[in-house]
Amino acid sequence: MENIIEFENVSFRYEADEEGKLLDLAVENINLGIEKGSFVAVLGHNGSGKSTLAKLTNAINVPESGRVLVNGLDSADEKNTDEIRRTVGMVFQNPDNQIVATIVEDDVAFGPENLGIEPQEIRRRVDEALKSVNMYDFRLSEPYKLSGGQKQRVAIAGVLAMQTQCIVLDEPTAMLDPSGRQEVISTIKRLNKELGITVVLVTHFMEEAVEADRVIVMDKGTVFADGTAREVFSQSEKLLAVGLDVPQATQLAKLLKAGGINISTDILNEKECIEALVSLLKE
Ligand code: ADP
Ligand code: MG
């Protein structure tokens with residue numbers, strides 16, 4: 043499969059502080075390809091470089107050394123910035139900072155309006171985007187009256203209305219309650235599976251990462267682990283060493299195993315755990 047985003051030996055550091063002291067690299071020598079149509083989760087404890095990496099995908103950050111290519115376009119070339127931002131859309135943690143208009147549909151229209159799209163086409167895109175995130179019935183609502191999960195879905199619709207091929211979400215559920223989290227995760231899963239949109243989900247919830255095709259773990263600005271959810275979470279000691287947990291169901295299976303029960307420790311979610319227990323009881 044073709045890569046929509048490629049990182050080639052990418053390092054990045056933030057501007058020196060007021061005293062002019064050179065800061066450490068925030069990410070260092072990253073090599074990654076994000077496959078078109080894939081769903082990738084990025085994990086890592088605070089300060090490991092996840093947000094820096096996310097902002098490198100759409101030219102908010104530009105590498106100090108190395109290259110980021112989006113559909114082959116180098117993010118360091120300013121001529122490519124608009125095209126890159128049309129290709130890769132970002133959704134951030136705080137929904138209140140992303141909603142600019144006082145009516146939901148105006149907010150979703152904001153991006154395409156800035157692109158200079160025809161009003162009729164904007165209308166079509168806004169309706170379609172709101173339907174894709176199940177927020178069409180709220181198109182005339184005032185955003186401040188919505189729940190956190192609904193606001194994040196409006197923010198996602200805003201990105202969809204730009205017809206981006208890839209959505210990068212930086213801890214989009216961190217400020218949401220469990221039902222809001224569920225709404226957002228099932229929405230992005232559906233956009234990935236049904237519309238083929240490439241998804242990069244930065245999260246600190248293991249249960250969310252399990253939903254992805256691929257899990258990348260960041261530590262100290264570098265890629266510490268990279269594989270399928272099953273590959274990454276089967277190495278619980280390694281994850282604990284960088285301050286991460288494994289999903290609850292995986293942890294439970296490990297405890298049961300340690301307690302002498304003959305259960306696979308290759309378990310990722312509640313459903314698999316229940317199936318394994320049921321089949322043990324039937325033996
Ligand atoms: P994460 O999203 O995983 O918490 P970040 O990418 O935000 O990590 O941070 C990576 C490193 O860069 C950390 O050491 C952090 O302190 C530093 N950093 C992040 N943003 C800035 C900034 N705006 N200015 C200076 N340093 C920053
Ligand atoms: Mg962050």
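In this note's numbering, each number is its position in the sequence shown, counted from 1, plus 42.
Where is the CB? At the ideal position from N, CA and C, for every residue including glycine.
Check, Outcome
"Run of the alpha helix (DSSP H) containing E225, from where it starts to where it stops", "P220 to L237"
"Proximal residues to A203 (C-beta, below 6 Å), its chain only, five neighbours per side dropped", "V150, G153, P154, R167, V168 and A171"
"Identity of the residue in K187, R232 and V241 nearest E213 by Cα", "V241"
"Counterpart residues of S53 in DSSP-defined beta bridges", "S107"
"Beta strand (DSSP E) segment containing T264, residue limits", "T264 to G269"
"Three-state secondary structure assigned by DSSP to M177", "coil"
"Cβ shell of E48 (< 6 Å), same chain only, five flanking positions each side left out", "G75 and L111"
"Contact test: K262 Cβ vs the ligand MG heavy atom, cutoff 7 Å", "no"
"Cβ-based burial, E250 [other Cβ within 10 Å; buried from 16]", "buried"
"Rounded separation between N71 and G114 - CA only", "19 Å"
"Boundaries (first-last residue) of the alpha helix (DSSP H) holding E312", "E312 to K324"
"Supposed close pair T229, R128 - CB separation, criterion 8 Å", "In fact, because the Cβ distance is near 21 Å, the residues do not count as touching under 8 Å."
"Where F81 sits in the DSSP three-state scheme", "strand"
"Check: L65 C-beta below 7 Å from any heavy atom of the ligand ADP", "yes"
"Status (buried if at least 16 other CB within 10 Å, exposed otherwise) for N234", "buried"
"Status (buried if at least 16 other CB within 10 Å, exposed otherwise) for A267", "buried"
"Where the alpha helix (DSSP H) containing I126 begins and where it ends", "T123 to T129"
"Residue burial classification, D261 (beta-carbon count within 10 angstroms, cutoff 16)", "buried"
"beta-carbon S53 near the ligand ADP non-hydrogen atom, thresh 7 Å", "no"
"Cut-off 7 Å between Cβ atoms - residues of its own chain near L294, not counting five sequence neighbours on either side", "C315"
"For M132, the three-state DSSP class (helix, strand or coil)", "strand"
"Span of the beta strand (DSSP E), counted from its first residue to its last, around Q209", "Strictly speaking, residue 209 in this sequence is Ile, with Gln absent from that position. First-last of the beta strand (DSSP E) with I209: C208 to D212."
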